[in-house]
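Protein chains in written order, with my numbering: chain A, 19 to 490; chain B, 1258 to 1524. As structure tokens, the structure follows; a few thoughts come after it.
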Amino acid sequence: MAKHKPKQGDSESEKNSGVNNSSVLPGGLIPVEKWARAEASVKRSVTGSLTHWVGQLKATISRQEQAFESLDDLPELNDKQLHRMAPGPDRKDHAQAFVDAVLVLREQGHCRRPVVLLVAPPFSGVSRALRYFPECSLGSNTESAQAIAPATSAYHLILPPDNLLMSEDAAREWWQQQPLDRPWVISELAAFWRRHGSGLALVQELLRRVAQNSAGEGVIGCSSWCWQFWSSYYPDAQFAPWMPAPMTTERLGAWLQQQACHNHDEVPVVRMATDGLYVLPLEPEETDDEPRKKRKHSDLLRNLAADSRGIPGIALSIWRRVLRARPEADAEDGEEDGDEPTSNQHPEESPHCWVVPLDKLSLPAIPISSERNLGLVLHALLIHDGLNIAGLKLVTSMPEPDLSLALARLSRADIIGCDPPGQDAAFDLRRPAQQSAAYQEMSPDAFWRVAPLGYPSVRRHLQNWGFPVDSF
Amino acid sequence: MMEGLGIKDALDSITTQALWQALILIVMASLLTWAVQKVFPRIAAKLGGKPRLYLLASVPLLRLLIIVITVILVVPILVTPSFENMVAIFGALALVLGFAFKEYANSLIAGIVTLYEMPYRPGDWIEIDGQYGEVRAIDTRAAKLLTPDDTLIIVPHSKLWSSLIANGNDGSDNLMCVAEFHLQPHHDMARVMTLLRTVAFTHPLTKTWKPVLVVVSNKPWGMVYRLKAYPIEPSAQFRFISELTATGAQVMATEGVGFVSAPVTGK
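Here it is in structure tokens:
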């Protein structure tokens, strides 16, 4: 079987992007037109499509609402082990990488507009990073930026008002009250509007100011689903959005390896549980001095990049689900002392871990319904980057009993979950059981979002059902 | 006449065994056709979107394929496939169809043309002779049209030759819907157009990536606005138009723009 060997770095694409490229933000920022989806292996593409259609037909026969299921017997990593092997990027480092990337864009003249628009698919981590912009310093890494401005706190985070339903005059007045005269940041534009006749005014006024260059200097983060709506609403507007480069096989490998190294001195060894092929460490770049170790690599990273559509948060969520401890040793050791998966490593080797093939993993599937309600709820959640029940009722015009039923079905299938404010389900470690516990409360203020593991299936179904979907 | 056409000679070779074989083949083909016509639409109903339309469109094509293969298999069983025999059989068949079943044959041929030209496919929303509905099935002789009022209309394919056929979505799942607003004159037209456009964009069933248009025309009784947008699927069109109309009317009332009413006279 031919195996794709991911190597460290991705020199070709990085040259093309021409912008900042850090280990936390591999590939830097790119114009949205340059986005390209990572391709899976032919075998994975064919089996993926077949599984999707067969799954849909099966579901019409037996109406089971099956949530996530692992089809192998190997023990999963416990939370402590996961935290060491796949912790997710540090919030501040992540935010600083974005600050630096925006600075580089401006310095290199790629972006001459005072307001930078960052569009990203859900679970890309952009919103999470932008929330921490005020805590970052301008020019911590770039030399020229240090010359321009000393390391000072630069950005002011603009939060949406409690009531988003307002008239055009009220929206104009609200923006006049914001301190747009100093650098500002909006972590998620989707939080500033509702898809309702009275819920558009704030974003309309902001985009009008941005188009006229009268909004000062700022950075706007925007979900790609939200942007799909607004770019259709203003088809002639030229905002020239940027986005994080998608995770290709190489970038994803380097990103996961860098995270795994974060808590270790050495690069952990990750191998396939089925055939022993290597996943990590990546193939080192060839040098004349050092002879390269010959290792057969699995194509898991390639398929992972494709399955996650190059979105880091989704890739990380799936990665956490495929990581396994060795059954005999790790299960016991892990339980006893919460040790990291090093008990089975050879004395001279790096920490050792296993992964199961992606086809052994059954991701959450959309419950079958002849009604459009599930699609309406999911689409509303995506274009607003999450909503509470009142918000959902407003934008879907669904009666509350129907809405509660739809939410309950989707929640039971692990397609959606409740997030506490500030939590990002893709990056912050949290088990489905905990999400279900949050659901149990079903409070009116509960903030519902699509779950990262459910996102690929949700996007596919919404596209099939005819809903407008994002371009990524 | 039979002798003149050479049919008698052609049919002389038919044995009872050959008849049974042919019968079994025809029964099998009929069962297969029935299965395709029953199972495929059921599967398609579960899928939705483009896969649904493709699967529905494949039903008449598969049926034609089964019929052609059956004819190819059955004819050599019954008669020796020589040139003379073929001319005799098909000549007689053409004669019978031409005189006795002229209209039926007309529809059959139009049915074959329908499969090739595809003026309508299962899943399309068409209007023919004033009847609007969804094409539910394309049979050998006629198409079945289901109206919004749940009435099944049988439309012979021969209508293809003489009638105008309006196809709303033409094999795709994009069907433009129009909501009309007859408003009193003397208002801010630009504002009304913007508001109506927003009504369509904020409707949860709107395909926002397709054009949303507002066109206005001046009529003797006032201004007529036509709000055009695409719902997420053709079957949502009636709910979509109703809700666009209701929301639009609400917005116009808030703006103080009134609707015009035709004078109604009566006792």
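Don't be surprised by glycine CBs; every beta carbon is placed ideally from N, CA and C.
Per DSSP, the bridge partner or partners of residue i
i: Pro49 (chain A); result: A:Trp260
i: His315 (chain A); result: A:Tyr296
i: Pro1413 (chain B); result: B:Ala1399
i: Tyr1389 (chain B); result: B:Glu1384
i: Gly236 (chain A); result: A:Val133 and A:Trp202
i: Met290 (chain A); result: A:Val373
i: Phe1516 (chain B); result: B:Leu1440
i: Trp248 (chain A); result: Partner(s): none; Trp248 (chain A) has no beta bridge.
i: Ile1346 (chain B); result: Partner(s): none; Ile1346 (chain B) has no beta bridge.
i: Val468 (chain A); result: A:Ile434
i: Asn1424 (chain B); result: B:Ile1383
i: Asn181 (chain A); result: DSSP output for Asn181 (chain A) lists no bridge partner at all.
Close-in-space but distant-in-sequence residues of the same chain around residue i (CB under 6 Å, 5 per side omitted)
i: Phe247 (chain A); result: Ile401
i: Ile329 (chain A); result: Pro139, Phe141 and Ser142
i: Val228 (chain A); result: Val133
i: Ala424 (chain A); result: Asn391, Leu392 and Val395
i: Ile407 (chain A); result: Pro462
i: Leu198 (chain A); result: Ala233 and Gly234
i: Glu1525 (chain B); result: Absent from the model: residue 1525 (chain B). The displayed extent of chain B is 1258 to 1524, so no value can be given.
i: Lys1485 (chain B); result: Met1433, Val1435 and Leu1470
i: Leu136 (chain A); result: Val144, Gly239 and Trp260
Residue i - DSSP class collapsed to helix/strand/coil
i: Met1285 (chain B); result: helix
i: Pro1486 (chain B); result: It should be noted that the sequence gives Ala, not Pro, for residue 1486 (chain B). Ala1486 (chain B): strand per DSSP, three-state reduction.
i: Gly352 (chain A); result: Caution applies to Gly352 (chain A), whose pLDDT of 44 falls short of 50 and renders its modelled position unreliable; the model cannot decide the point.
i: Trp372 (chain A); result: strand
i: Glu284 (chain A); result: coil
i: Ala383 (chain A); result: coil
i: Leu175 (chain A); result: strand
i: Trp211 (chain A); result: coil
i: Met1480 (chain B); result: strand
i: His1444 (chain B); result: coil
i: Gly16 (chain A); result: The shown model of chain A, from 19 to 490, leaves out residue 16 (chain A), and the question about it has no answer.
i: Cys279 (chain A); result: helix
i: Ser155 (chain A); result: strand
i: Val72 (chain A); result: helix
i: Glu30 (chain A); result: Residue placement at Glu30 (chain A) is poorly supported in this model, since its pLDDT is 45, which falls under 50; the coordinates still yield a value, given next. It is helical.
i: Ala1394 (chain B); result: strand
i: Glu389 (chain A); result: coil
i: Leu322 (chain A); result: helix
i: Arg269 (chain A); result: helix
i: Arg1378 (chain B); result: coil
i: Ser67 (chain A); result: helix
i: Leu43 (chain A); result: coil
Contacts around residue i, its chain only, beta-carbon distance under 7 Å, and the 5 residues preceding and following it disregarded
i: Lys411 (chain A); result: Glu418 and Leu421
i: Pro1397 (chain B); result: The sequence shown places Thr at residue 1397 (chain B), not Pro. Cβ neighbours of Thr1397 (chain B) beyond the five flanking positions: Leu1365 and Gly1368.
i: Leu319 (chain A); result: Pro24, Thr267, Leu270, Gly271 and Val297
i: Pro1442 (chain B); result: Gly1479 and Met1480
i: Ala1399 (chain B); result: Ser1364, Ile1411, Val1412, Pro1413 and His1414
i: Ile1300 (chain B); result: Leu1312
Same chain, Cβ closer than 8 Å to residue i, neighbours up to 5 away in sequence not counted
i: Ala104 (chain A); result: Leu274, Gln277, Ala278, Leu334, Trp337, Arg338 and Leu341
i: Asp1269 (chain B); result: none
i: Ile1271 (chain B); result: Leu1335 and Val1336
i: Lys1464 (chain B); result: Asn1431, Ala1486, Tyr1487, Pro1488 and Ile1489
Top-ranked residue by Cα proximity to residue i, from the options
i: Gly409 (chain A); options: A:Val133, A:Asp317, A:Arg212 and A:Cys240; result: A:Arg212
i: Asp1525 (chain B); options: B:Asp1445, B:Lys1467, B:Met1375 and B:Val1514; result: Residue 1525 (chain B) lies beyond the range of chain B shown here (1258 to 1524); nothing can be said about it.
i: Ser380 (chain A); options: A:Asp325, A:Gly404, A:Ala291 and A:Ser429; result: A:Asp325
i: Arg1544 (chain B); options: B:Lys1476, B:Pro1477, B:Ser1492 and B:Val1471; result: Residue 1544 (chain B) lies beyond the range of chain B shown here (1258 to 1524); nothing can be said about it.
i: Phe495 (chain A); options: A:Asp108, A:Met184 and A:Val60; result: Nothing about residue 495 (chain A) can be read from this structure; chain A reaches only from 19 to 490.
i: Gln256 (chain A); options: A:Pro49, A:Phe445, A:Leu198 and A:Asp199; result: A:Pro49
i: His315 (chain A); options: A:Ser41, A:Phe465, A:Asp488 and A:Val288; result: A:Val288
i: Ala1286 (chain B); options: B:Arg1320, B:Thr1273 and B:Lys1295; result: B:Arg1320
i: Ala1457 (chain B); options: B:Lys1303, B:Val1508 and B:Ala1314; result: B:Val1508
i: Ser388 (chain A); options: B:Thr1451, B:Pro1405 and B:Ala1493; result: B:Ala1493
i: Glu223 (chain A); options: A:Gln194, A:Arg200, A:Tyr150 and A:Ser242; result: A:Gln194
Residue i beta carbon near the ligand ADP (any heavy atom closer than 8 Å)
i: Trp1478 (chain B); result: The ligand ADP is not among the ligands present in this structure, which contains no ligands whatsoever.
Closer than 9 Å, Cβ to Cβ, to anything on chain A: give me those residues from the segment 1370–1404 of chain B, in chain order.
Going along the segment 1370–1404 of chain B in chain order, one finds no residue with a Cβ nearer than 9 Å to chain A.
Got a sec: which bits of the segment 1461–1485 of chain B sit with their beta carbon under 7 Å from any beta carbon on chain A, in order along the chain?
Pro1461, Lys1464, Thr1465 and Trp1466
Using a Cβ-Cβ cutoff of 7 Å, what residues of the segment 1440–1455 of chain B are near chain E? List them in chain order.
No chain E is part of this structure, whose protein chains are labelled A and B.
Closer than 8 Å between beta carbons: that is the criterion. Which residues of the segment 460–490 of chain A meet it against chain B?
So the close ones are Gln481, Asn482, Trp483, Gly484, Phe485 and Pro486.
Listed from N- to C-terminal order along the chain, which residues in the segment 393–407 of chain A have their beta-carbon within a distance smaller than 8 Å of any beta-carbon of chain B?
Answer in chain order: Gly393, Leu394, His397 and Ala398.
Just by C-beta distance, which residues in the segment 1329–1348 of chain B are closer than 8 Å to chain A?
none
Check each residue of the segment 205–233 of chain A: if its Cβ is closer than 8 Å to any Cβ of chain B, include it; give the result in chain order.
Arg213, His214, Gly215, Gly217 and Leu218
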